[in-house]
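Trainee: Sharing a structure with you now.
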Amino acid sequence: MSTATMKAWVVDTPGPIDSGPLRAVERPVPDPGPGQVRIHVRVCGVCRTDLHLAEGDLTPHHPQVVPGHEVVGVVDRAGPGCTRFRPGDRVGVPWLAHTCGICRYCRAQRENLCLSPTFTGWDVDGGYAEYAVVDERYGYPLPDAFADEEAAPLLCAGIIGYRALRRSGLPPGGRLGIYGFGGSGHITAQIALAEGAVVHVMTRAPEARALALSLGAASAGDADDAPPEPLDAAILFAPVGTLVPPALAALDRGGTLAVAGIHLSDIPVLNYQRHLFEERSLCSVTANTRRDGAEFLRAAARVPVRVSTVPYPMDHADRALADLAHDRVDGAAVLVNPERS
Ligand SMILES: [Zn+2]
Ligand SMILES: [Zn+2]
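Per our numbering, residue 178 is the first one in the sequence shown, and the count goes up by one each step.
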């Protein structure tokens, strides 16, 4: 057993971010169990789900959990039986930490719907720390094209956005609406553009609209503006239920709106004729399969996706989350650990 300790952040008392729900603690450095590797965390991305956990929008699964599920680091110790990663390998640790492998969804290659999954930074400790352990079957080797800071947001913002894009059923060369343009939106837009889509972005922050246009979006309007043409598909990244009706109304016949978030504020009453008839669909996105993750990382390296990051020292995780809550982050916030001496 290791007796060393590390710095980590934990969700102490979930509540409004300005009430300080995170606390900095000293924890024992975790030891990797069978099939697990321990990584020295270099960078951990800040995802809106971390904010939902800190603020109590999501029920805590584990008291004093270390948040963070976009973890990039280097293996420093492999537990018994590991064959996939070795000390020195760079590994990405994502949201999906474990699935049962035997339920009807796992057996049908739909492990994102597993009946007893565990998630990094919710059920098991995540990457707002100096070290983290991961079941090596759920970690990802990361394309060399991406520096640590760029790779981190790919691990949730990127993967979930990719699954949302597939769920939206966007046809080749189709017209895609993206509602909310933060970490996930700006990565997903680049994948869609590389596949030949016409992309319209609807988002609140003027800086995000400028970023959208610079990446090649055909238009960028305010959050509930109507796009300049009907959409074949749309993705809602903003956790704002009041955007569901305008996004559905913007769809062409047969179009689909995919809601990407794990949490959404209430959806107002829908009007059948305006929002759903003519075979418009509304669907959610729940986690992802490991296959989604591998497919997305290959696609991201091929494009290659440019990831716009805003680095914060790991010591300032609380400030990074507050900035995300108040729309002060332009791109994807990432927490950076100091270089080990
Ligand atoms: Zn399962
Ligand atoms: Zn996430």
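Yeah, the Cβ is synthetic: ideal placement off N, Cα and C, and Gly gets one too.
Under 9 Å between the Cβ atoms of P271 and L230?
Mentor: no
Trainee: Buried or exposed: D409, going by 16 or more other Cβ atoms within 10 Å of its Cβ?
Mentor: buried
Trainee: Could you tell me whether the segment 280 to 294 touches the segment 228 to 243, using the rule of 3 or more Cβ pairs below 8 Å?
Mentor: no
Trainee: Check whether the Cβ of R292 lies closer than 8 Å to any heavy atom of ligand 1, and answer yes or no.
Mentor: According to the sequence displayed, residue 292 carries Leu and not Arg. Checking every heavy atom of ligand 1 against the Cβ of L292, one is found closer than 8 Å.
Trainee: Under a three-way DSSP split, which group does C280 fall into?
Mentor: coil
Trainee: Taking R219 and V251 to be in contact with their CB atoms under 8 Å, please state how far apart those CB atoms are, rounded to whole angstroms.
Mentor: 7 Å
Trainee: Counting C-beta neighbours from all protein chains within 10 Å, is the total for P198 16 or more, i.e. buried, or is it exposed?
Mentor: buried
Trainee: Relative to ligand 1, is the shortest distance from any of its heavy atoms to the C-beta of T276 smaller than 8 Å?
Mentor: yes
Trainee: In this structure, how does DSSP classify G335 when only helix, strand and coil are distinguished?
Mentor: Reduced to three states, the DSSP call for G335 is helix.
Trainee: Say whether the segment 376 to 388 touches the segment 315 to 326, bearing in mind that this needs 3 or more beta-carbon pairs closer than 8 Å, one atom from each stretch.
Mentor: no
Trainee: Give me every residue whose Cβ sits closer than 5 Å to any heavy atom of ligand 2, in chain order.
Mentor: C224, T226 and C333
Trainee: How should P193 be labelled, buried or exposed, when 16 other C-beta atoms within 10 angstroms of its C-beta is the threshold for buried?
Mentor: exposed
Trainee: Checking 9 Å against the spacing of the C-beta atoms, do V310 and D302 come in under that value?
Mentor: D302 is positioned such that its CB atom lies closer than 9 Å to that of V310.
Trainee: Exposed or buried, I412, counting other C-beta atoms within 10 Å across all chains shown (16 or more means buried)?
Mentor: buried
Trainee: For A329, collect the residues of the same chain with a Cβ closer than 8 Å to its Cβ; drop the 5 residues on either side in sequence, then sort them by chain order.
Mentor: V220, C221, G222, E247, V248, V249, G269, T486, A509 and V511
Trainee: Return the bridge partner residues of M379 from the DSSP annotation.
Mentor: Y356 and G398
Trainee: Do P405 and S396 have their C-beta atoms within less than 9 Å of each other?
Mentor: yes
Trainee: Cβ of Y315 versus every heavy atom of ligand 1: is any distance shorter than 8 Å?
Mentor: no
Trainee: Mapping the DSSP letters down to three states, classify H275 as helix, strand or coil.
Mentor: strand
Trainee: Which residues in the same chain as P349 place their Cβ atom closer than 8 Å to its Cβ, once the five residues preceding and following it in sequence are excluded?
Mentor: E372 and G373
Trainee: To which residues of the same chain is G210 closer than 6 Å at the C-beta, ignoring the five residues directly before and after it?
Mentor: G256
Trainee: Can L319 and T297 be called in contact, C-beta distance under 9 Å?
Mentor: No, they are not a contact pair.
Trainee: Since V243 and Y305 are thought to touch, with beta carbons under 8 Å apart, how far apart are those beta carbons, to the nearest angstrom?
Mentor: 5 Å
Trainee: Apart from the five residues just before and just after C259, which ones in its own chain have a Cβ nearer than 7 Å to its Cβ?
Mentor: Taken in chain order, the residues that qualify are G212, V214 and E313.
Trainee: Around the C-beta of T182, are 16 or more other C-beta atoms found within 10 angstroms, so that it is buried, or is it exposed?
Mentor: exposed
Trainee: May I have the straight-line CA-CA distance separating G338 from A437, to the nearest angstrom?
Mentor: 7 Å
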